[in-house]
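Each position in the sequence shown, counted from 1, maps to that position plus 50 in this note's numbering. Positions of the beta carbon are idealized from the N, C-alpha and C atoms, including for glycine. Below: one structure, written as structure tokens.
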Amino acid sequence: MHRIYLRLIAIFVVIVTVVLTISGTYSQYKLSERLEMRDSQLRLSVLARLQISLPPALWNLDKSKVDSLLESEMIAPEVEEIRVYDADGSNLFSGKIRNAVGKIVNVNTNIPMEDSKVSASLAYTTPDTNNRNSENKAAIGHIEVKFSRAPINAVLSAELKHKILEILALDLILVVALSFSLRMVFVPLTQLRDSLNDLATHETEEVEELPENRRDEFGEVAGGFNRIQRKLKSTIENTRQAEDVARRASVSAEQALQNLRTAQNSLVQAERLASLGGLVAGVAHEINTPLGITLTGASTLQEATELIQTAMNTGNIKKSEMVRYLETAIESSRLILGNTHRAAELIQSFKQIAVDQTNEIKRPFNVKEYIEEVLMCLAPKLKKTKIQVSVNCATEIELNTYSGAFAQILTNLIMNALTHAYEVDDIGHIDINVQMLNSVLELSFCDDGKGIPAEYLGKIFDPFFTTKLGKGGSGLGLNIVYNLIAKQLDGSIIVESVLGKGTRFIIRIPCSRP
Ligand SMILES: Nc1ncnc2c1ncn2[C@@H]1O[C@H](COP(=O)(O)OP(=O)(O)OP(=O)(O)O)[C@@H](O)[C@H]1O
Ligand SMILES: [Mg+2]
């Protein structure tokens, strides 16, 4: 601010100085022109007067008169020296000069004057004695006058000094006047600048309002500034409140997300237990048959044994009765034994799957056998449909990984195929092909059902995406499959589907998990 202030003053001073210098130079030039003209007129008039007044006194050789005439001409300060020579031209008749202190004294030297002199001849006119009407002119001498330029130079230099003083005085007045008038502008401007700086660097509450008591434009500017400041304060206040609201919203959103994650985890857990529950139900149903047969066999054996016992007690037993009893006993024992084995087998498979489902442990297992165990557990469900499952897997393929996850993945894919790929009573085929390629197990799970529409293909692994909402679908099955493969088994899964032809999931998992 200070710099603009000084710059403005400097600009005005320079402009005024330049303008005054130009006009002063012009008037100086005009003055010198006038002085030069006056000087040349003076020269002419001095010479003319001397040519008229001197000849009679010179004719009469009246030196004192000549002297006094010369002195009177030397009153003009421009005349520095006058010499009068006689007709001979070499004898100085009279001469006057202004000495160093300005006094007029006689010239007492014959040394010729410098070149800057002006000369004029002197002639005396006498009446012609022969002719009354004409006159004779006789040359009686000449004058030499030296003029000085000192008075002109003095006037010019005095004028120059005067002009310089005038410019300096005007500059001074201008500086004082500008300082006063610019202060009127710059004081409120400085206040405004300070307030703007405060506004930029301090909290808005700490910035004081500008005084609005002036009735000029600055008063209006101060009013405008104060209004902007108040508006800014309220905007900042609103922003702060909005920030608070947003912060609170973000906290509660985070809380909601946390709750959602917890809910998701619970759902995943529930889904796991639900599929386990499904398996339990299936296995219980499956065990029911061998147990029923075992029960029937045991009752038949008991009845036959009681009959043979009664016969033995009465001592009335025939050989044929004994043979029939033994046949019944052998058949019943075979049935009981076979079906108990079957039940034990079922329980063993289920136990293994159930243990794997509940414990996340890594263990080596045979892939083909394990797939068949899972299918055995799902047999009750499969039996209700017309879907055939065929497994194509070499018997020696082994995996050393999380078997529970493997079982869960397979269960989900089979249940999805049964639920989504086919309508009730549809005839279908599910092909499970397994091969080992460079220590990576590739399992292709293929159904020939309805297929998945292209617009859903990118979403089926998202949590909660289901086309069976409200009909028992939660949309978590494939998301769990995806996470188990990616996170627990360190593998990958891709899906391809042709609408109306079927769906294929290709799973790749390393044969052994570190
Ligand atoms: N084999 C398939 N054939 C056709 N569509 C399928 C198949 N498998 C999955 N889908 C589609 O993918 C969707 C998502 O499957 P996902 O297993 O994640 O959920 P869901 O089976 O609907 O419900 P949940 O498994 O939680 O009970 C299904 O709703 C279905 O539309
Ligand atoms: Mg599912």
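- Burial is judged here by how many other beta carbons sit within 10 angstroms of a residue's own beta carbon; THR461 has at least 16 and is buried.
- Counting only the Cα atoms, ILE544 lies some 11 Å from ALA536.
- Minimum Cα-Cα distance from GLU164 among the listed residues SER198, VAL235, ASN186 and PHE515 corresponds to SER198.
- Spatial neighbours of THR67 in its own chain (CB-CB distance under 7 Å, excluding positions within 5 residues in sequence) are listed in chain order as ILE217 and ASP221.
- HIS470 sits buried, since 16 or more C-beta atoms from the chains shown fall within 10 Å of its C-beta.
- When distances are taken from the beta-carbon of ASP497 to the heavy atoms of ligand 1, the shortest one is below 6 Å.
- Here GLY478 carries a strand assignment [DSSP, helix/strand/coil].
- In the structure shown, the three-state DSSP call for THR451 is strand.
- Under the DSSP assignment, ASP266 falls outside any beta strand (DSSP E); it carries neither an H nor an E label.
- Secondary structure note for CYS427: its alpha helix (DSSP H) is the uninterrupted segment 417 to 433.
- Taken from the Cβ of THR451, every heavy atom of ligand 1 lies 6 Å or farther away.
- The segment 78 to 98 makes contact with the segment 189 to 206; the number of CB pairs closer than 8 Å reaches 3 or more.
- Straight through space, the alpha carbons of GLY152 and SER229 are spaced by roughly 50 Å.
- Cβ-Cβ distances below 6 Å link GLY74 to LYS213 in the same chain, with the five nearest sequence neighbours on each side left out; the list follows chain order.
- With the rule of 3 Cβ pairs closer than 8 Å, the segment 156 to 171 counts as touching the segment 138 to 145.
- Relative to ligand 2, even the nearest heavy atom lies 6 Å or more away from the CB of ASN288.
- Between ALA170 and LEU97, the beta carbon gap of about 5 Å places them in contact (Cβ cut-off 8 Å).
- Annotation: the continuous alpha helix (DSSP H) that includes ALA204 extends over 200 to 251.
- Linking THR240 to VAL225 through their CA atoms gives a straight-line distance of about 20 Å.
- GLY191 sits in a strand when the DSSP states are folded into three classes.
- It is roughly 9 Å from the alpha-carbon of GLU209 to the alpha-carbon of LEU81.
- Taking each of VAL301, ALA150, GLU262 and ARG280 in turn and checking the Cα distance to LEU249, the smallest one comes out for ARG280.
- Around ligand 2, the residues whose beta-carbon falls short of 5 Å from at least one of its heavy atoms are ASN466 and GLY527, given in chain order.
- Our two residues, PHE511 and LEU526, have alpha carbons roughly 8 Å apart in a direct line.
- By a beta-carbon distance limit of 8 Å, THR344 does not contact THR312. Their separation comes to about 46 Å.
- Taking C-beta atoms as the reference points, GLN538 and ALA404 fail to come closer than 7 Å.
- Secondary structure note for TYR532: its alpha helix (DSSP H) is the uninterrupted segment 527 to 533.
- Each residue's CA atom was taken as its position, placing GLN314 and LEU468 some 25 Å apart.
- Under the three-state reduction of DSSP, VAL257 is assigned to coil, being neither helix nor strand.
- Here GLY552 is actually not in contact with GLY508; their C-beta atoms are around 19 Å apart, not less than 8 Å.
- Annotation for THR553 indicates a beta carbon within 6 Å of some heavy atom of ligand 1.
- Scanning its chain for C-beta atoms nearer than 6 Å, with the 5 sequence neighbours on each side dropped, one finds around CYS496 the residues ASP481 and ARG554, in chain order.
- Relative to ligand 1, SER524 has its C-beta within less than 6 Å of a heavy atom.
- Partner residues in the beta bridge of LYS167, as assigned by DSSP, are LYS196.
- Between the alpha carbons of SER562 and PHE415 lies a gap of roughly 11 Å.
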